[in-house]
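Protein chains: 2
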Amino acid sequence: MAKADKTNFSCPSGFPEFLPGEKRLEMYLIDKIRQVFERYGFAPIETPAVERLEVLQAKGNQGDNIIYGLSPILPPNRQVEKDNAGESGSEERALKFDQTVPLAAYIARHLNELQFPFARYQMDMVFRGERAKDGRYRQFRQCDIDVVGRGNLSLLYDAQIPAIIAEIFQSINIGAFLIRINNRKVLTGFFQSISLAESQIVPCIRIIDAAEKIGEVKVEKSLIAEGLSDGQVAQVLEFTKIRGTVDDVLIKLKAIVENNSDTQILNSGIVELETVINGVRNLGVREDLFTIDLSIARGLDYYTGTVYETTLIGHEALGSICSGGRYEELVGMFVGEKMPGVGISIGLTRLMSRLIKAGILQSFSPTPAQVMVVNMQGDLMPLYLEVSQKLRQVGINTITSFEERGMGKQLQQADKRGIPLCVIIGSQEAELQKCALKNMKTGAQIEVALDQLAVEVKKQLE
Amino acid sequence: MAKADKTNFSCPSGFPEFLPGEKRLEMYLIDKIRQVFERYGFAPIETPAVERLEVLQAKGNQGDNIIYGLSPILPPNRQVEKDNAGESGSEERALKFDQTVPLAAYIARHLNELQFPFARYQMDMVFRGERAKDGRYRQFRQCDIDVVGRGNLSLLYDAQIPAIIAEIFQSINIGAFLIRINNRKVLTGFFQSISLAESQIVPCIRIIDAAEKIGEVKVEKSLIAEGLSDGQVAQVLEFTKIRGTVDDVLIKLKAIVENNSDTQILNSGIVELETVINGVRNLGVREDLFTIDLSIARGLDYYTGTVYETTLIGHEALGSICSGGRYEELVGMFVGEKMPGVGISIGLTRLMSRLIKAGILQSFSPTPAQVMVVNMQGDLMPLYLEVSQKLRQVGINTITSFEERGMGKQLQQADKRGIPLCVIIGSQEAELQKCALKNMKTGAQIEVALDQLAVEVKKQLE
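One line per chain: the protein sequences are E and Z, in this order. Under our numbering, the residue at position 447 of the first sequence is numbered 447, and the numbers go up by one with no gaps. Residues are numbered in our numbering as their position in the second sequence, beginning at 1, plus a constant of 462.
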């Protein structure tokens with residue numbers, strides 16, 4: 001059969017798709033992450049991929065993102081029908097570019113149907129008109145949790161976040177990682193305490209945020225360019241050098257408070273940070289998994305308190321693999337009351353594809369089948385089908401081979417697919433109600449009575 | 463805090479979203495369906511929501527669907543950048559409207575990376591510019607399986623499909639259902655056997671397809687309008703009246719073959735149908751769950767052999783809740799070789815919302831939390847956190863209450879959220895390392911030592 005035309009079937013640039021073995025890995029990760037989210041009582045929701053454009057753009061939320069608007073394409077030879085007038089109407093719609101703006105809209109839509117504090121997770125696809133380059137996708141899955149309170153929200157919710165991050169990355173076994181915790185009030189308060197003007201604070205936070213990458217000389221130059229005095233520059237540089245255990249850092253921060261006057265915000269930042277750290281400890285998170293990092297600020301403007309980043313030790317170039325923070329205003333602006341929230345996000349598609357490239361994660365086999373029943377002779381097919389069903393009934397993923405090629409070819413195919421076990425039944429075995437069970441990894445082949453097959457398969461799969 | 467403006471936050475019309483309890487039900491259904499798919503060795507894939515427009519429109523595949531094209535919307539105050547030139551370029555993209563066309567494209571893209579027969583499942587969202595009316599959505603989840611062969615594909619794959627459908631609907635417990643099986647060659651062959659012209663066959667298949675709804679008188683009129691002779695009309699009416707057990711129907715069909723001359727296609731349709739039915743029986747599907755229904759044809763033009771519909775007994779108005787069939791040409795046209803396939807689709811979003819309305823399915827509780835640890839006094843919080851973590855560590859979904867309201871209010875809240883168990887620890891209990899465990903359903907409250915709590919909770923959750 002010749003191809004009917006020269007259609008280009010490739011994926012649109014920046015829209016990734018996985019082979020079955022990669023998709024199976026992704027589903028494994030999704031299941032693991034979801035399990036941890038649910039352990040802490042987060043409930044799932046899913047907002048539509050499509051929102052009204054005015055919602056996505058409300059309060060300047062579009063930020064720097066290019067978003068995808070929708071325009072209906074009618075089928076050839078079809079006029080706009082009365083029924084579908086809505087499709088050519090004036091309601092502008094677009095694809096969501098994150099989960100946070102839709103969360104705020106969701107809460108506004110269902111305020112009286114939800115219980116607060118509202119703890120939800122979401123693992124949907126989001127869409128951004130990013131430049132399609134290595135590791136940047138235009139469609140990707142984002143795994144988010146947020147807790148949103150009505151009126152107020154305990155700082156202990158902030159403390160749960162590092163416990164959740166730790167449990168997720170321990171459960172998917174990706175090696176050593178470090179959760180870096182900070183509080184934006186500490187940064188803002190510190191800059192106030194050394195008498196910076198309001199307008200200098202955000203640029204200076206950005207400079208500190210970049211300190212690790214750009215080095216001290218460049219930090220100094222940038223601060224001077226922002227108009228800081230020599231004394232202020234020295235104080236900032238000292239601040240960026242604060243290191244040590246969580247307790248060391250808290251002691252050094254408290255010393256700054258003692259030596260300065262205008263420290264109300266700094267002080268409340270330190271109190272928040274200490275409360276969160278104590279909670280993290282009470283939750284039993286291992287001390288080597290978290291730290292205070294005063295240079296963490298997160299780019300997003302809406303964070304107001306606690307902020308988090310997570311670094312994979314030895315793979316710092318990946319950037320933060322899980323980030324977030326507390327925001328006091330974002331949801332409230334949509335609803336019209338005070339609704340503080342705290343949450344984190346894992347950019348799963350990007351994380352997974354980078355961890356595969358770095359050799360930290362491996363694709364799964366391309367099929368979930370654990371057993372293949374070989375087709376030895378066509379007249380035994382009813383028995384093969386019966387044997388397959390009996391395995392499935394006890395929870396074993398099984399395929400029956402309908403191939404008419406020789407046994408060798410069929411075993412080769414099972415091996416290529418990574419199917420661990422093959423069941424072989426010829427006429428002699430059928431008569432004796434037994435089979436040969438071949439382990440494709442070890443090559444070992446044993447004889448098993450058919451009524452013992454499920455038990456033996458389960459044993460070998462363990 | 464006042465709302466900053468009058469943004470309309472509602473969902474765009476036809477784009478549904480679920481409350482947490484409904485979403486939890488959907489995830490339960492997804493998990494159940496996926497489990498059955500994997501039992502039969504189907505591997506997951508996910509194609510992008512977005513395809514190149516020419517792929518979606520190739521071979522006239524758009525059909526009657528209105529599809530959504532994408533157009534980038536730049537952020538305010540931003541010009542087109544060189545980097546994002548692609549976003550204003552000429553590559554037209556649109557949202558997928560089904561899973562079958564993307565499956566064909568996926569196979570064309572990965573032909574040499576896949577093993578054949580390629581058995582895959584997909585549970586993604588698809589998008590259609592439907593008129594937004596009751597039960598019709600513009601975004602909905604479709605759960606599809608297909609097996610695609612290279613060159614040929616055993617009819618036993620067709621036989622597995624009813625076994626899979628039966629297992630799914632039995633596992634989600636939605637009451638009695640009937641899988642109706644037919645073969646388009648039987649229909650085409652029958653019409654040839656009574657000497658209809660080629661051009662009359664498709665219209666007549668459509669008339670038979672509608673027979674149940676429109677009744678005999680209208681069928682007769684329609685057939686006359688198609689130009690059939692009185693004798694032909696009588697033969698068609700007799701055909702539509704063929705009823706009975708699977709074996710009865712096969713015997714009656716064979717009688718038609720014996721009494722006619724031009725029956726090559728009819729005969730091969732009957733042989734296929736019989737092979738599939740025998741396979742379904744060998745797979746142990748209960749006889750009352752499937753039938754041959756000669757009026758089933760499926761609207762889609764690409765089906766060439768076996769076709770399936772599934773009816774929920776007592777809820778026939780829902781229409782078919784799971785349908786599909788065999789197609790010989792669809793994938794092959796994309797790839798340029800012979801690639802027959804067979805598959806089915808469950809329109810999950812629509813099915814679920816209609817089953818909820820019909821009272822067949824119920825929403826879950828709005829939280830996965832199984833236990834709430836009550837906040838009796840703030841100074842015991844470290845203990846509450848520790849107790850919560852110990853429950854989570856053995857797989858129990860737990861929330862710690864951070865509320866500062868009285869115990870009664872907190873218990874009320876747990877009850878409202880459908881949390882089955884509450885753990886109550888005051889200073890006395892703390893001292894004695896025990897707690898009160900309250901069952902919210904029965905109201906019963908017992909005293910449990912903290913080191914026995916996990917065991918007791920698991921017992922009560924059973």
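Even for Gly, the Cβ is constructed at its ideal location relative to N, Cα and C.
Run the CB neighbour count on residue i, radius 10 Å, all protein chains shown included, and call it buried at 16 or more, exposed below.
i, result
"E:T310", "buried"
"E:A58", "buried"
"Z:A759", "buried"
"Z:S863", "buried"
"Z:K468", "exposed"
So, with DSSP's three-state summary, where would you put residue i?
i, result
"Z:N527", "coil"
"Z:L774", "strand"
"Z:A911", "strand"
"Z:A566", "helix"
"E:K438", "strand"
"E:N182", "strand"
"Z:P506", "strand"
"E:G406", "coil"
"Z:T766", "coil"
"E:V455", "helix"
"Z:V747", "coil"
"E:I344", "strand"
"E:G149", "coil"
"E:F127", "strand"
"E:F177", "strand"
Check the Cβ-Cβ distances between residue i and every residue of chain E, and say whether any is below 7 Å.
i, result
"Z:R854", "yes"
"Z:P802", "no"
"Z:L458", "Lying outside 463 to 924, the shown extent of chain Z, residue 458 of chain Z is not represented and no answer is given."
"Z:K544", "Since pLDDT at Z:K544 reaches only 47, below the 50 mark, its modelled position is unreliable, and no value is offered."
"Z:E924", "no"
"Z:I507", "yes"
"Z:V517", "yes"
"Z:I529", "yes"
By Cβ distance below 6 Å, which residues in the same chain neighbour residue i in space, the five residues on each side in sequence not counted?
i, result
"E:L114", "none"
"Z:T768", "D620, N645, V738, G787 and R788"
"Z:F631", "F639"
"E:K338", "G151 and G332"
"Z:M587", "Q601 and R603"
"E:S222", "I207"
"Z:K544", "Only weak support is given to the placement of Z:K544: the predicted model assigns it a pLDDT of 47, under 50, and the value that follows is read from those uncertain coordinates. Answer for Z:K544: no residue qualifies."
"Z:V517", "A567"
"E:V285", "P162, A163 and A166"
So, for residue i: in the same chain, excluding its five sequence neighbours on each side, which residues have a beta-carbon less than 8 Å away from its beta-carbon?
i, result
"Z:L555", "Rather than Leu, the amino acid found at residue 555 of chain Z in this sequence is Arg. Closer than 8 Å at Cβ, skipping near neighbours: V512, E513, R514, L515, G531 and L532."
"Z:A820", "H777 and L780"
"Z:E479", "C473"
Shorter than 7 Å from the beta carbon of residue i to some beta carbon of chain Z?
i, result
"E:T349", "no"
"E:N260", "no"
"E:G151", "no"
"E:V180", "One point to set straight first is that residue 180 of chain E is Arg, not Val, in the sequence displayed. Taking Cβ atoms only, chain Z never reaches closer than 7 Å to E:R180, which makes this a no."
"E:D64", "yes"
"E:L70", "yes"
"E:N397", "yes"
"E:I265", "no"
"E:P162", "no"
"E:S474", "Residue 474 of chain E cannot be examined here, being either before or after the span of chain E that is shown, 1 to 462."
"E:N173", "no"
"E:I356", "no"
"E:F177", "no"
Is it the case that the CB of residue i approaches a heavy atom of the ligand ZN more closely than 6 Å?
i, result
"Z:I535", "What this structure holds is no ligand at all, so the ligand ZN is not there to describe."
Say whether the segment 883–902 of chain Z touches the segment 825–838 of chain Z, bearing in mind that this needs 3 or more beta-carbon pairs closer than 8 Å, one atom from each stretch. yes
Count the C-beta pairs between the segment 726–740 of chain Z and the segment 704–718 of chain Z that are closer than 8 Å, then say yes if the count reaches three, no if not. With a cut-off of 8 Å, the segment 704–718 of chain Z and the segment 726–740 of chain Z count as touching, because enough Cβ pairs lie within range.
Decide yes or no for the touch test of the segment 891–901 of chain Z against the segment 852–859 of chain Z: beta carbon pairs closer than 8 Å, at least 3 of them. no
Do the segment 645–662 of chain Z and the segment 683–703 of chain Z make contact, defined as three or more Cβ pairs closer than 8 Å? yes
Okay, do the segment 414–421 of chain E and the segment 351–368 of chain E touch, 3+ Cβ pairs below 8 Å being the bar? Yes, the segment 414–421 of chain E touches the segment 351–368 of chain E.
Segment contact flag, the segment 115–122 of chain E with the segment 32–45 of chain E, C-beta cutoff 8 Å, min 3 pairs: yes
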